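Shown next, in structure tokens, is the structure this report addresses.
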Amino acid sequence: MMERIEKGEAKIAVIGLGYIGLPTAIMFANAGFQVTGYEIREEVVEEINSGKAHIVEPDIENLLREAIRRGNLRATSNPDDIRDMDVYIVCVQTPLNEDKSPDLGYLESAIKTVAGVMKRGSLVVIESTVPPLTTVKMASLIEKIRGFKAGEDFYMVHAPERVMPGRIFRELVYNSRIFGGITPESAELAERLYRSFVKGQTFKTSSTVSEVVKLMENTFRDVNIALANEFAYLAHQYGINVFEAIELANTHPRVRIHLPGIGVGGHCLPKDPHLLLWPAKDDFGLIRLAREVNDGMPLLAKDLLFSALKAVNLPPEKAVVAVLGLAYKGNSDDVRNSPALAFVDEIKDDVKEVRTYDPFVGGSCGTVEEALHGADAAVIATDHDAFRELNWEELGKLMRTRILVDGRHLIEKPPEGFVFRGIGRGEY
Ligand code: SAJ
Numbered sequence: 002m003m004e005r006i007e008k009g010e011a012k013i014a015v016i017g018l019g020y021i022g023l024p025t026a027i028m029f030a031n032a033g034f035q036v037t038g039y040e041i042r043e044e045v046v047e048e049i050n051s052g053k054a055h056i057v058e059p060d061i062e063n064l065l066r067e068a069i070r071r072g073n074l075r076a077t078s079n080p081d082d083i084r085d086m087d088v089y090i091v092c093v094q095t096p097l098n099e100d101k102s103p104d105l106g107y108l109e110s111a112i113k114t115v116a117g118v119m120k121r122g123s124l125v126v127i128e129s130t131v132p133p134l135t136t137v138k139m140a141s142l143i144e145k146i147r148g149f150k151a152g153e154d155f156y157m158v159h160a161p162e163r164v165m166p167g168r169i170f171r172e173l174v175y176n177s178r179i180f181g182g183i184t185p186e187s188a189e190l191a192e193r194l195y196r197s198f199v200k201g202q203t204f205k206t207s208s209t210v211s212e213v214v215k216l217m218e219n220t221f222r223d224v225n226i227a228l229a230n231e232f233a234y235l236a237h238q239y240g241i242n243v244f245e246a247i248e249l250a251n252t253h254p255r256v257r258i259h260l261p262g263i264g265v266g267g268h269c270l271p272k273d274p275h276l277l278l279w280p281a282k283d284d285f286g287l288i289r290l291a292r293e294v295n296d297g298m299p300l301l302a303k304d305l306l307f308s309a310l311k312a313v314n315l316p317p318e319k320a321v322v323a324v325l326g327l328a329y330k331g332n333s334d335d336v337r338n339s340p341a342l343a344f345v346d347e348i349k350d351d352v353k354e355v356r357t358y359d360p361f362v363g364g365s366c367g368t369v370e371e372a373l374h375g376a377d378a379a380v381i382a383t384d385h386d387a388f389r390e391l392n393w394e395e396l397g398k399l400m401r402t403r404i405l406v407d408g409r410h411l412i413e414k415p416p417e418g419f420v421f422r423g424i425g426r427g428e429y
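In the numbering used here, the protein residues as written are 2 to 429.
See the structure below:
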């Protein structure tokens, strides 16, 4: 197998062509490998084979067309098309159930498909973010289905991704990467394979360490954002601007405080701490409490909005509120677990009307002007660049009452004539 990888002759199947699978398939194809993308959504297969990408990511269509032009990439929904491959790379989603337990149904289904078509000696790579101990469990599933011996008749690795949407292709190449093998040889093979395009540092370890590392990275971020959000609450107690305080605290050589905001969204941070804790026998306070703090931030934004309505003696039930931004983070169209949507849910039964506008997602209004025309309050809920240059003096003329609530620290100096509130802006 190592020889086939080193010669670029290894045939690769990528299972799941989503925001990780499709870029990964493209990278291997443009590194010279024959890649077959397996995807159950037929419409996605057709789109990809016609050179159209179904996900928003800079450069993706050029790179996809290059891979197709070279004859190195095609998509299929037929498992027979991925029979006897050398490498299977599984990039399927691992969402949470209502009770915060992991839904590994997509992963198990993908592994069963692979088990049915793989050959003796295949390398199976799981890129999905999974609870600790999952990779070894999936190896046992393959043993049961095929009667193969893990580590001898097939290799298996957990190789988590760390890419940030919006700069996936650059990060796939330059980010460091970890390969957690069920055996050292498995990790060795995967590292060699990915170094066909990875220029960042690469590290080898066990599959369980790799699973925990990925979850630790996002849990570290979630807990640190929760700490920043608690500092924001304190800023309201002490009447200070938390962002000024954070900027000064971060001048310390070993302090890097994150940014408070209206909440933590996306399909990773709200989920990964729960995956990390799920197989653990004991409960853990800090990690769970951080999730509660972050999930509570839309309520702080609601309190700030109601405080501003009170300041102008406008009863909430008479207020028209324009929410600017629905995506979970700036310059993205992804609304998964978006705190902006949570905020809309929090206020919609208490105010007269909620209007929404998002340049990437859409909303009930097509422009900022439409959303603000006759409105009483504007609430910035996503840090889109488009909201950084708004002319509030002009926009204010459209509004019935001029209330501005900043949920993403886009407003440094509140515009004249507005009643202003902001998360962490305790001086207002
Ligand atoms: N956020 C804050 N304050 C901050 C940073 C972020 O409130 O200081 C909010 C954002 O607005 C957003 C949420 O947190 O709502 C998540 O933002 P993010 O920047 O963490 O974006 P993700 O979830 O797309 O990417 C994370 C990244 N993980 C880390 O930075 C450790 C990315 O590298 C991972 O690959 C990705 O999760 C993933 O797929 O796991």
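Here a beta-carbon is modelled for each residue, glycine too, at the ideal position from N, C-alpha and C. Keep in mind the model is a prediction, meaning the values are calculated, not measured.
Give the range of the beta strand (DSSP E) segment to which F238 is assigned.
Working through the sequence shown from its first residue, we reach residue 238 at position 237. The amino acid occupying residue 238 in the given sequence is Gln; Phe does not appear at that position. Here Q238 belongs to no beta strand (DSSP E); instead the alpha helix (DSSP H) covers 208-239.
Following the continuous alpha helix (DSSP H) through A48, name the residue where it begins and the one where it ends.
Here residue 48 is taken as the residue at index 47 of the sequence shown, counted from 1. The residue you asked about is not Ala; residue 48 is Glu in the sequence shown. Residues 43-50.
Residue closest to A11, alpha-carbon to alpha-carbon, out of R178, S197, E48, L173
Numbered from 1 along the sequence shown, position 10 holds the residue referred to as residue 11. Here the closest residue by C-alpha is S197.
Alpha carbon of V137 to alpha carbon of E347, nearest angstrom
As a position in the sequence shown, residue 137 is number 136, starting the count at 1. As a position in the sequence shown, residue 347 is number 346, starting the count at 1. Roughly 42 Å between the two C-alpha positions.
Leaving out five residues before and five after R84 in sequence, what residues of the same chain have Cβ atoms less than 6 Å from its Cβ?
Counted from its first residue, the sequence shown places residue 84 at position 83. Closer than 6 Å at Cβ, skipping near neighbours: V118.
Does ligand 1 have even one heavy atom less than 7 Å from the beta-carbon of Y485?
With the chain running from 2 to 429 in the structure shown, residue 485 is simply not present.
With hydrogens ignored, establish whether the beta-carbon of C269 is closer than 7 Å to any heavy atom of ligand 1.
On the sequence shown, position 268 is the one that residue 269 refers to. At a threshold of 7 Å, C269 counts as near ligand 1, since its beta carbon sits closer than that to one of the ligand's heavy atoms.
Anticipated Cβ contact below 8 Å, I183 with S208, distance rounded:
For the purposes of this step, residue 183 is identified with residue 182 of the sequence shown, where counting begins at 1. For the purposes of this step, residue 208 is identified with residue 207 of the sequence shown, where counting begins at 1. Confirmed, Cβ separation roughly 5 Å.
Got a sec: does ligand 1 put a non-hydrogen atom nearer than 7 Å to the Cβ of G262?
Along the sequence shown, read from residue 1 onward, the residue named residue 262 stands at position 261. Because some heavy atom of ligand 1 lies under 7 Å away, the Cβ of G262 counts as near it: yes.
Kindly examine ligand 1 and report whether one of its heavy atoms sits closer than 7 Å to the Cβ of G425.
Here residue 425 is taken as the residue at index 424 of the sequence shown, counted from 1. Remark: the shortest separation between the CB of G425 and any heavy atom of ligand 1 does not fall under 7 Å.
Grouping DSSP H, G and I as helix and E and B as strand, with all else coil, what is Y329?
Here residue 329 is taken as the residue at index 328 of the sequence shown, counted from 1. Coil.
Can you give the Cα-Cα distance for P317 and I21, rounded to whole angstroms?
The count along the sequence shown starts at 1 and reaches residue 317 at position 316. The count along the sequence shown starts at 1 and reaches residue 21 at position 20. Answer to the nearest angstrom: the Cα atoms are 43 Å apart.
Which of the three DSSP states, helix, strand or coil, is assigned to A11?
Position 10 of the sequence shown, counting from 1, holds the residue named residue 11. Reduced to three states, the DSSP call for A11 is coil.
Can you list the alpha helix (DSSP H) stretches of 4 or more residues lying completely in the region 227-305, in chain order?
Complete alpha helix (DSSP H) runs here, min 4: 243-250, 273-278, 286-296.
Considering just the uninterrupted stretch of the beta strand (DSSP E) at G182, what are its terminal residues?
Position 181 of the sequence shown, counting from 1, holds the residue named residue 182. Where G182 is concerned, the enclosing beta strand (DSSP E) stretches over 178-182.
Indicate whether E172 and E128 have their beta-carbon atoms separated by less than 8 Å.
Translated into the one-based positions of the sequence shown, residue 172 becomes position 171. Translated into the one-based positions of the sequence shown, residue 128 becomes position 127. Contact flag unset, no.
Taking buried to mean at least 16 other C-beta atoms within 10 Å of its own C-beta, is Q238 buried or exposed?
Within the sequence shown, the letter at position 237 stands for residue 238. So Q238 ends up on the exposed side.
Cβ-based neighbour list, P261, same chain, cut-off 7 Å, excluding 5 preceding and 5 following
In the sequence shown, counting from the first residue as 1, residue 261 sits at position 260. Hits under 7 Å: A229, N230, F232, A233, V243, I424, G425.
Considering only C-alpha positions, which residue in the set A320, V322, G363, L97 is nearest to D334?
To locate residue 334, count along the sequence shown from 1; it is residue 333. Nearest option by C-alpha distance: G363.
Can you find a heavy atom of ligand 1 that lies under 7 Å from the Cβ of N392?
Here residue 392 refers to the residue found at position 391 of the sequence shown. Every heavy atom of ligand 1 is 7 Å or more from the Cβ of N392, so no.
From H385 to T25, what distance separates their C-alpha atoms?
Indexing the sequence shown from 1 puts residue 385 at position 384. Indexing the sequence shown from 1 puts residue 25 at position 24. Taking the straight line from one Cα to the other gives about 27 Å.
Would you grab the beta carbon distance between R337 and H268 for me? Rounded to a whole angstrom, and I think it's under 8 Å.
Here residue 337 is taken as the residue at index 336 of the sequence shown, counted from 1. Here residue 268 is taken as the residue at index 267 of the sequence shown, counted from 1. Contact between R337 and H268 holds: their C-beta atoms lie close to 5 Å from each other, under 8 Å.
For I90, write down the residues that DSSP places opposite it in a beta bridge.
As a working mapping, residue 90 is identified with position 89 in the sequence shown. Note: I90 sits in a beta bridge opposite V15, V126.
Beta-carbon proximity check, V88 vs G17, cutoff 8 Å:
Walking along the sequence shown from the start, residue 88 turns up at place 87. Walking along the sequence shown from the start, residue 17 turns up at place 16. The answer is no: Cβ separation not under 8 Å.
For I258 versus A250, is the C-beta distance shorter than 8 Å?
Mapped onto the sequence shown, residue 258 falls at position 257. Mapped onto the sequence shown, residue 250 falls at position 249. Cβ distance < 8 Å, so I258 and A250 count as in contact.
DSSP puts H159 in a beta bridge; with which residues?
Counting from 1 along the sequence shown, the entry for residue 159 is found at position 158. H159 is bridged to I127, G181.
Using the Cα positions of P166 and Y329, report the straight-line distance between them to the nearest angstrom.
The sequence position of residue 166 within the sequence shown is 165, counting from 1. The sequence position of residue 329 within the sequence shown is 328, counting from 1. Within the model, the alpha-carbon separation for P166 versus Y329 is close to 12 Å.
C-alpha gap between K398 and A343, whole angstroms:
Here the question's residue 398 lines up with position 397 in the sequence shown. Here the question's residue 343 lines up with position 342 in the sequence shown. Rounded to the nearest angstrom, the gap between the Cα atoms of K398 and A343 is 29 Å.
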